[in-house]
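If you count the sequence shown from 1, position 138 lands on 148 in the working numbering, and the numbers rise without skipping. The structure under discussion appears below in the form of structure tokens.
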Amino acid sequence: MGSIHIKLNKVKSILKILDEMYPNPKCSLEFENPLQLMVATILSAQCTDERVNSITAALFAKYPSARAYCDAVLEELEESIRSAGFYHNKAIAIKESSKAIVERFGGEVPKQMELLVQLPGVGRKTANVILGNAFGIPGIAVDTHVSRVSARLGLTSQKDRDKIEQDLNALVDRSGWVKFSHQLIQHGRKICTAKKPRCSLCPLRPQCDYGMNPDTVKA
Ligand code: SF4
């Protein structure tokens, strides 16, 4: 009981500092509807959001609906997304998820977690990105930044992303889940980077297990 209170106090301090550092964090992928966000999120695996944004304007114009992705010639779709990397697998994921959307959901991206994760290529992270940013339904999208930063801060000891999500859900008020995800992602990109976290510059350091004890806490 005591340790959960200590942890909740620590989270309160962390959230306050994150709000000061990143007061208005947003999804950096450009999109105008849930389908576009789904496609952009699939493309963003192992690729920067900037690069994804540089190809999606033309992509979305060429393929304006789930039906259009279904009917796309695979090689042509691959060519349109080539610079995002892993273009063969990503093109298949986009086509297969679009096919399921057309065949099972009348061409509209569903807004329920249990239905979204049934789409090929869509896991809980992508589903939470879509729910939080396209539908305004709270969720913590656990990507590489969220899992790394939350582990260093001592908010989770889990490795499995679904379990990390559960730990963070229990610590942060539901209304703050989407903002918290964006803040951890921004912090992971700017300061708490994978290889050399800039702890000496980090305002979260007094609250951070790794920052205060880098020799004993695994980065
Ligand atoms: S103190 Fe270091 S490890 Fe902790 S959040 Fe800041 S940059 Fe990351």
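From the three backbone atoms N, C-alpha and C, an ideal C-beta is built for every residue, glycine too.
Exercise for review: Taking only heavy atoms of ligand 1 into account, decide whether any of them is closer than 7 Å to the Cβ of L25.
Suggested key: Distance from the C-beta of L25 to the nearest heavy atom of ligand 1 is not below 7 Å.
Exercise for review: Would you mind stating whether S191 and R171 have Cβ atoms separated by less than 8 Å?
Suggested key: Between S191 and R171, the CB-CB gap reaches or exceeds 8 Å.
Exercise for review: Taking only the alpha-carbon atoms, compute the straight-line gap between L69 and Q176 and give it to the nearest angstrom.
Suggested key: L69 and Q176 have their C-alpha atoms roughly 35 Å apart.
Check your understanding: Pairing CB atoms from the stretch 33-48 with CB atoms from the stretch 12-22, are three or more of them under 8 Å?
Key -> Between the stretch 33-48 and the stretch 12-22, the count of Cβ pairs shorter than 8 Å is below three; the stretches do not touch.
Check your understanding: ligand 1: which residues have Cβ under 6 Å from any of its heavy atoms, chain order?
Key -> Checking every Cβ against the heavy atoms of ligand 1 under 6 Å gives V159, R162, L163, I201, C202, P207, R208, C209, C212, L214, R215, C218, Y220 and G221.
Practice item. Within the stretch 184-224, note down every full beta strand (DSSP E) run reaching 3 residues or more, in order along the chain. Key: Within the stretch 184-224, no run of beta strand (DSSP E) reaches 3 residues while sitting entirely inside it.
Check your understanding: Going by the CB atoms, is the gap between A94 and L53 shorter than 8 Å?
Key -> In contact: L53 and A94 (Cβ atoms closer than 8 Å).
Check your understanding: With A76 and L87 assumed to form a contact (beta carbons below 8 Å), what rounded beta-carbon distance in angstroms separates them?
Key -> Not quite, the Cβ-Cβ distance comes to about 13 Å (not below 8 Å), so this is no contact.
**Study point:** Contacting residues, own chain, Cβ-Cβ under 8 Å from L230 (five flanking each side not counted)
**Key:** Outside the displayed range of the chain (11 to 229) lies residue 230, so it cannot be described from this structure.
Review point. From K205 to R61, what does the alpha carbon distance come to, in whole angstroms?
Key: Each residue's Cα considered, the two are about 22 Å apart.
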